[in-house]
Amino acid sequence: MVKVCAGVHVSISGSIALAVDRAVDAGCDTFQIFTRNPRGWAFSEITEETRASFIIKVRSSGLSPIVAHMPYLPNLASPSQEMYQKSLMALEAEVDRCDRLGIPYLVTHLGSHMSSGEENGRRRIVGALDVVLAKGNRCMILLENTAGQKNSLGTRFEDICAIIEKTSLPEKVGVCLDTCHAFAAGYDVRLNFRSVLDELDQAIGVEKLKVIHMNDSVGDLGSHLDRHEHIGLGKIGESGFINILSDSRVWGLPLIMETPVDQRRDDRGNIKKLKDLAALV
Ligand SMILES: [Zn+2]
Ligand SMILES: [Zn+2]
5 MVKVCAGVHV SISGSIALAV DRAVDAGCDT FQIFTRNPRG WAFSEITEET RASFIIKVRS
65 SGLSPIVAHM PYLPNLASPS QEMYQKSLMA LEAEVDRCDR LGIPYLVTHL GSHMSSGEEN
125 GRRRIVGALD VVLAKGNRCM ILLENTAGQK NSLGTRFEDI CAIIEKTSLP EKVGVCLDTC
185 HAFAAGYDVR LNFRSVLDEL DQAIGVEKLK VIHMNDSVGD LGSHLDRHEH IGLGKIGESG
245 FINILSDSRV WGLPLIMETP VDQRRDDRGN IKKLKDLAAL V
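This is how it looks when you write it as structure tokens:
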């Protein structure tokens, strides 16, 4: 019987502070948000009132740690100068917003090199991280592994390591492991989570792993399909998650689900399912 730190991605609809209430209602120990609309470039500043109300609510809820996720449009690996500059500005703004809200982790995808080559894409990401890290932010930037779609970076742990190693402040950069993405990329977290984590440890160092996105996968092993499924209802399945939860290296980590909400299950249901499975370990 293992006690895990479980949570979901919650909506900030209405106000960032309302996200805390939603997380509490869903039974979270931890939660993730977008600090603004993830589908656009525009955003409004966080007012002092919103900031104070979010921080007070987080403190009184006891939920920890809080995680933010970068919006969808930025591509830090883009060969287009215009896209790259916009993406860099979005990253700078997001880091700043996390610091204002007292959020310790910002998860980002590594983007697509758009057929300009992996090495070039990695170089651009390192450049963007260095610009942001030079500003002395408090929050740590977590690089998330991807499912291996065409031209995407960060599918293999070695690629993520190659980026972290080259940044000017590697201690401010960590990793977010998404179980669905890893599985779709060909890492068999279902049968062999321990050796997948060993591989991550050898490539990057497991102490760099700060957040796990616990998602089941619609696609099969190596399918490169990024489609999340409810815990236990996808190709990883209940026994796969028991296998994952059996590794003591995940016990202290925030396990955040980015699972669907539909007639089969809601957020509360996925948290309960994950905790029920942890109880079987
Ligand atoms: Zn994810
Ligand atoms: Zn995904």
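Its first residue numbered 5, the sequence shown is counted upward by one per residue in our numbering. The beta carbon of each residue, even a glycine, is placed where N, CA and C say it ideally should be.
Whole-number beta carbon distance between residue 183 and residue 234, since they are thought to touch under 8 angstroms: If you number the sequence shown from 1, residue 234 lands on position 230. If you number the sequence shown from 1, residue 183 lands on position 179. That pair is no contact at about 13 angstroms.
Contact between the stretch 82–102 and the stretch 233–247 (3+ Cβ pairs under 8 angstroms): no
heavy atom of ligand 1 below 7 angstroms from residue 262 C-beta: Here the question's residue 262 lines up with position 258 in the sequence shown. Within the cutoff, so yes.
Between the CA atoms of residue 90 and residue 70 - distance to the nearest angstrom: The count along the sequence shown starts at 1 and reaches residue 70 at position 66. The count along the sequence shown starts at 1 and reaches residue 90 at position 86. Taking the Cα positions, residue 70 is about 26 angstroms away from residue 90.
Residue 148: first and last residue of the uninterrupted alpha helix (DSSP H) it sits in: Numbered from 1 along the sequence shown, position 144 holds the residue referred to as residue 148. Here residue 148 belongs to no alpha helix (DSSP H); instead the beta strand (DSSP E) covers 144–148.
Cβ-Cβ distance between residue 9 and residue 25 below 8 angstroms: Translated into the one-based positions of the sequence shown, residue 9 becomes position 5. Translated into the one-based positions of the sequence shown, residue 25 becomes position 21. The answer is no: Cβ separation not under 8 angstroms.
Minimum C-alpha distance to residue 14 - residue among 37, 230, 51: Here residue 14 refers to the residue found at position 10 of the sequence shown. Checked all of 37, 230, 51; the closest Cα to residue 14 is 37.
Distance, residue 58 Cα to residue 181 Cα: For the purposes of this step, residue 181 is taken as residue 177 along the sequence shown, with counting starting at 1. For the purposes of this step, residue 58 is taken as residue 54 along the sequence shown, with counting starting at 1. If you take the alpha carbons of residue 181 and residue 58, they lie about 26 angstroms apart.
Under 8 angstroms between C-beta atoms of residue 39 and residue 72: As a working mapping, residue 39 is identified with position 35 in the sequence shown. As a working mapping, residue 72 is identified with position 68 in the sequence shown. Yes, the pair counts as a contact, with Cβ atoms nearer than the cut-off.
Counted within 10 angstroms of its Cβ, other Cβ atoms place residue 261 as buried (16 or more) or exposed: Looking up residue 261 in the sequence shown gives position 257. Burial state of residue 261 is buried, judged by a 10 Å Cβ sphere holding 16 or more other Cβ atoms.
At least three beta-carbon pairs within less than 8 angstroms, the stretch 266–274 to the stretch 111–118: no
Chain-order list of residues whose beta-carbon lies under 6 angstroms from that of residue 151 (same chain, five-residue window excluded): Against the sequence shown, residue 151 aligns to sequence position 147. Here the set comprises 185, 188, 189, 228, 230.
Inter-residue spacing [alpha-carbon to alpha-carbon] between residue 287 and residue 144: Summary: the structure shown does not reach residue 287, with the chain confined to residues 5 through 285, and so no result is reported for it.
Residue 220 CB to nearest heavy atom of ligand 1 below 7 angstroms: The residue given as residue 220 occupies position 216 in the sequence shown. Because no heavy atom of ligand 1 lies under 7 angstroms away, the Cβ of residue 220 does not count as near it: no.
Within 8 angstroms, strictly: CB atoms of residue 200 and residue 257: Start at 1 with the first residue of the sequence shown, and residue 200 comes out as number 196. Start at 1 with the first residue of the sequence shown, and residue 257 comes out as number 253. Not in contact: residue 200 and residue 257 (Cβ atoms no closer than 8 angstroms).
Three-state secondary structure (DSSP) of residue 11: As a first step, residue 11 is located in the sequence shown; it is residue number 7 there, counting from the start. Here residue 11 sits in strand by DSSP.
Unbroken beta strand (DSSP E) run spanning residue 181, endpoints: Position 177 of the sequence shown, counted from the first residue, corresponds to residue 181. 177–182 is the extent of the beta strand (DSSP E) around residue 181.
Cutoff 7 angstroms; reference residue 248; Cβ partners in own chain excluding five residues on either side: In the sequence shown, residue 248 corresponds to position 244, counting from 1. For residue 248, same chain residues with a beta-carbon under 7 angstroms away, outside a window of 5 residues either side, are 183, 193, 197, 254 in chain order.
Endpoints, the alpha helix (DSSP H) within which residue 193 is located: One-based indexing of the sequence shown puts residue 193 at position 189. Start and end: 193–207.
Which residues DSSP lists as bridging residue 114, in chain order: Within the sequence shown, residue 114 is the residue found at index 110, counting from 1. Its beta-bridge partners do not exist; DSSP assigns none.
Given residue 110 as reference, the closest of 142, 123, 30 once Cα atoms are compared: Here residue 110 corresponds to residue number 106 of the sequence shown, with the count starting at 1. Nearest to residue 110 by alpha-carbon distance, out of 142, 123, 30, is 142.
For residue 149 and residue 140, believed in contact at Cβ under 8 angstroms, the rounded distance: If you number the sequence shown from 1, residue 140 lands on position 136. If you number the sequence shown from 1, residue 149 lands on position 145. The Cβ separation is near 27 angstroms, so there is no contact.
DSSP-derived helix/strand/coil call for residue 136: Stepping through the sequence shown from its first residue, residue 136 is reached at position 132. DSSP, read as helix, strand or coil, puts residue 136 in helix.
Contact test: residue 180 Cβ vs ligand 2 heavy atom, cutoff 7 angstroms: Mapped onto the sequence shown, residue 180 falls at position 176. Result no, Cβ not under 7 angstroms from ligand 2.
8 angstroms Cβ cutoff met for residue 212 and residue 223: The sequence position of residue 212 within the sequence shown is 208, counting from 1. The sequence position of residue 223 within the sequence shown is 219, counting from 1. No.
Residue 234: CB within 7 angstroms of a non-hydrogen atom of ligand 2: Position 230 of the sequence shown holds residue 234. Residue 234: no, Cβ never under 7 angstroms from ligand 2.
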